[in-house]
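Asks: Here it is: the structure, laid out below.
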Amino acid sequence: MEIYIFYYVDEDIHDFSSKRLKGGLKLKKLIILVLSITMVLAGCSGHKDASQRFKKDNFKSVVIGNGKMLKLVMDDEDTKALVDLFNTMVLKEMDKNLKEEPFIKVHFFGNDAEDTISIVFLGEKVFSQKEWYAVDLEFTKKLYNFYEGRALLEVEDDTLLEIQEKRADRANLDWKEALEGTWIVDDTTALTFDEEFLYQGDYKLKYVIHEAEGNRLLISAYGIHGLFTKNQKLFDMDIIFSEDLCNVQTQKIVPQFGTRDLVFQNNMIYQDEEGNILGDLSSVFFSENLLN
1 MEIYIFYYVD EDIHDFSSKR LKGGLKLKKL IILVLSITMV LAGCSGHKDA
51 SQRFKKDNFK SVVIGNGKML KLVMDDEDTK ALVDLFNTMV LKEMDKNLKE
101 EPFIKVHFFG NDAEDTISIV FLGEKVFSQK EWYAVDLEFT KKLYNFYEGR
151 ALLEVEDDTL LEIQEKRADR ANLDWKEALE GTWIVDDTTA LTFDEEFLYQ
201 GDYKLKYVIH EAEGNRLLIS AYGIHGLFTK NQKLFDMDII FSEDLCNVQT
251 QKIVPQFGTR DLVFQNNMIY QDEEGNILGD LSSVFFSENL LN
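Heads up: the sequence shown begins at 1 in the UniProt record's numbering, then just goes up one per residue.
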């Protein structure tokens, strides 16, 4: 479930991008305010709490989604209930064997990308600001019940539906086919595989798959140019796929002469040919390091 937090001015409700409101209503102008939810450690316990960071006066309306359908929170009573709930949130240090259902995703949108904050709830696991935490399962259930139990106006989200369909299609690929394409590491780094070569920026390397077992591949990359690198193995890469083949954890081992090999670990998400990001860095797949 995804929860989107928007702020709207009181103008005519006529247009909301490609999202269609049931009953013919549409939202026209969107003005997004900045909401700071910087996490602060409470003493030495390792706990992090909301400390009244969320204030009802900051909200004009709220949009909540479950991956298929969005719901608008426009009533003052509903908005206050949601804000009060978030102000009870306490985050803890991650632990093992935590429950991972139900799933809820929260987006706080600011004026630009730097002002946007996402929080993902997966049962007792929470992903916020590129870090994983634990939260009481009861809090996540209350958030889920808010979405299910309130009489909120529904909105269809065509983009989310399309991405879900694409993810379902990828899940049927074999590992070799799933590897091919573009994998995003961060805002400035991506790896692209075709049937024979691996590309990163201006670099082009030949790769060979040595092993394929379960959801795991082991490949080696070789230079194709240069006096000292042509046909020489430059690194090995261990790759583990998520179940839907849209996320991978990788470990690259670069051999060093006379010293310890260099080891690099990365999380990568798949981007299709149309530029749609099908992977998700907040996926529970990334909540534990599977390569250790």
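Note that the Cβ used here is the ideal one computed from N, Cα and C, for glycine as well. Since the structure is predicted, the reported quantities are computational estimates derived from the model, not experimental observations.
How many Å lie between Lys-166 and Gln-271 at the Cα?
Replies: The residue labelled residue 166 in the question sits at position 166 within the sequence shown. The residue labelled residue 271 in the question sits at position 271 within the sequence shown. In a straight line, the C-alpha of Lys-166 is about 11 angstroms away from that of Gln-271.
Asks: Taking the alpha-carbon positions, what's the Thr-140 to Leu-122 distance?
Replies: Start at 1 with the first residue of the sequence shown, and residue 140 comes out as number 140. Start at 1 with the first residue of the sequence shown, and residue 122 comes out as number 122. When rounded, the distance between both Cα atoms is 8 angstroms.
Asks: Consult DSSP for Ala-221 and reduce its assignment to one of helix, strand or coil.
Replies: Here residue 221 refers to the residue found at position 221 when the sequence shown is read from its first residue. Looking at Ala-221 - three-state DSSP - the assignment turns out to be strand.
Asks: What residue does the alpha helix (DSSP H) around Leu-76 start on, and which one ends it?
Replies: Taking the sequence shown and counting its residues from 1, the one referred to as residue 76 is at position 76. Per the sequence shown, residue 76 should be read as Asp rather than Leu. Unbroken alpha helix (DSSP H) run through Asp-76: 76 to 86.
Asks: By how many angstroms is the C-alpha of Glu-124 removed from the C-alpha of Val-254?
Replies: Taking the sequence shown and counting its residues from 1, one reaches residue 254 at position 254. Taking the sequence shown and counting its residues from 1, one reaches residue 124 at position 124. Their Cα atoms are separated by approximately 37 angstroms.
Asks: Can you tell me whether DSSP reads Phe-197 as helix, strand or coil?
Replies: Here the question's residue 197 lines up with position 197 in the sequence shown. Three-state DSSP puts Phe-197 in a strand.
Asks: Can you grab the Cα-Cα spacing for the pair Glu-180 / Asp-78, in whole Å?
Replies: On the sequence shown, position 180 is the one that residue 180 refers to. On the sequence shown, position 78 is the one that residue 78 refers to. Approximately 46 angstroms between the Cα atoms of the pair.
Asks: Have a look at Ile-209, Ala-221, Asn-172, Leu-205 and flag the residue whose alpha-carbon is nearest the alpha-carbon of Asp-244.
Replies: Here residue 244 refers to the residue found at position 244 when the sequence shown is read from its first residue. Closest by alpha carbon: Asn-172.
Asks: How is the beta strand (DSSP E) around Phe-235 delimited, first residue to last?
Replies: Taking the sequence shown and counting its residues from 1, the one referred to as residue 235 is at position 235. That run of the beta strand (DSSP E) goes 233 to 241.
Asks: Can you check whether the CB of Ser-220 is closer than 8 angstroms to the CB of Lys-233?
Replies: As a first step, residue 233 is located in the sequence shown; it is residue number 233 there, counting from the start. As a first step, residue 220 is located in the sequence shown; it is residue number 220 there, counting from the start. Their beta carbons are under 8 angstroms apart, which means Lys-233 touches Ser-220 by this criterion.
Asks: Tell me which same chain residues have a C-beta within less than 6 angstroms of the C-beta of Lys-191, skipping the five on either side of it?
Replies: Against the sequence shown, residue 191 aligns to sequence position 191. Reading off the sequence shown, one finds Leu at residue 191, where the question assumed Lys. Excluding positions up to five away in sequence, the list reads Trp-183, Gln-200.
Asks: Measuring alpha carbon to alpha carbon, tell me which of Phe-235, Ala-134, Arg-260 ends up nearest Thr-250.
Replies: Looking up residue 250 in the sequence shown gives position 250. Residue Phe-235 is the option with its Cα nearest to Thr-250.
Asks: Does Ala-212 come out as helix, strand or coil in the three-state DSSP assignment?
Replies: Indexing the sequence shown from 1 puts residue 212 at position 212. Strand.
Asks: What are the boundary residues of the alpha helix (DSSP H) that Glu-148 is part of?
Replies: Residue numbering aside, residue 148 sits at position 148 when the sequence shown is read from its first letter. Unbroken alpha helix (DSSP H) run through Glu-148: 137 to 149.
Asks: Would you kindly work out how many angstroms separate the C-alpha atoms of Thr-188 and Leu-262, rounded to a whole number?
Replies: Within the sequence shown, numbered from 1, the residue matching residue 188 stands at position 188. Within the sequence shown, numbered from 1, the residue matching residue 262 stands at position 262. Going by the C-alpha atoms only, they are around 21 angstroms apart.
Asks: Tell whether a beta-carbon distance below 8 angstroms holds between Tyr-133 and Leu-91.
Replies: Here residue 133 refers to the residue found at position 133 of the sequence shown. Here residue 91 refers to the residue found at position 91 of the sequence shown. Yes, these two residues count as a Cβ contact at 8 angstroms.
Asks: Could you check how far apart the C-beta atoms of Leu-143 and Ile-104 are, in whole angstroms? I think they sit under 8 angstroms.
Replies: Numbered from 1 along the sequence shown, position 143 holds the residue referred to as residue 143. Numbered from 1 along the sequence shown, position 104 holds the residue referred to as residue 104. About 5 angstroms separates the two Cβ atoms, so the contact holds.
Asks: Quick check: what's the CA-CA separation for Ile-119 versus Phe-241?
Replies: Working through the sequence shown from its first residue, we reach residue 119 at position 119. Working through the sequence shown from its first residue, we reach residue 241 at position 241. Taking the straight line joining both Cα atoms gives about 23 angstroms.
Asks: Once DSSP output is grouped into helix, strand and coil, what is the label at Ala-171?
Replies: The sequence position of residue 171 within the sequence shown is 171, counting from 1. Coil at Ala-171, not helix or strand.
Asks: In the DSSP assignment, find the unbroken beta strand (DSSP E) run with Asn-267 in it and report its ends.
Replies: In the sequence shown, counting from the first residue as 1, residue 267 sits at position 267. 262 to 271 is the extent of the beta strand (DSSP E) around Asn-267.
Asks: Please state whether DSSP places Leu-179 in a helix, a strand or coil.
Replies: The residue labelled residue 179 in the question sits at position 179 within the sequence shown. Residue state, collapsed to three classes: helix.
Asks: Please classify Glu-131: does DSSP put it in a helix, a strand, or coil?
Replies: Residue mapping note: residue 131 aligns to position 131 of the sequence shown, counting from 1. The answer is strand: DSSP assigns Glu-131 an E or B state.
Asks: Starting from Asn-247, trace the beta strand (DSSP E) in both directions and tell me its first and last residue.
Replies: If you number the sequence shown from 1, residue 247 lands on position 247. Segment 247 to 254, the beta strand (DSSP E) holding Asn-247.
Asks: Within the present structure, is the beta-carbon of Leu-191 separated from the nearest heavy atom of the ligand ADP by less than 7 angstroms?
Replies: The model on display carries no ligand, and the ligand ADP is accordingly not part of it.
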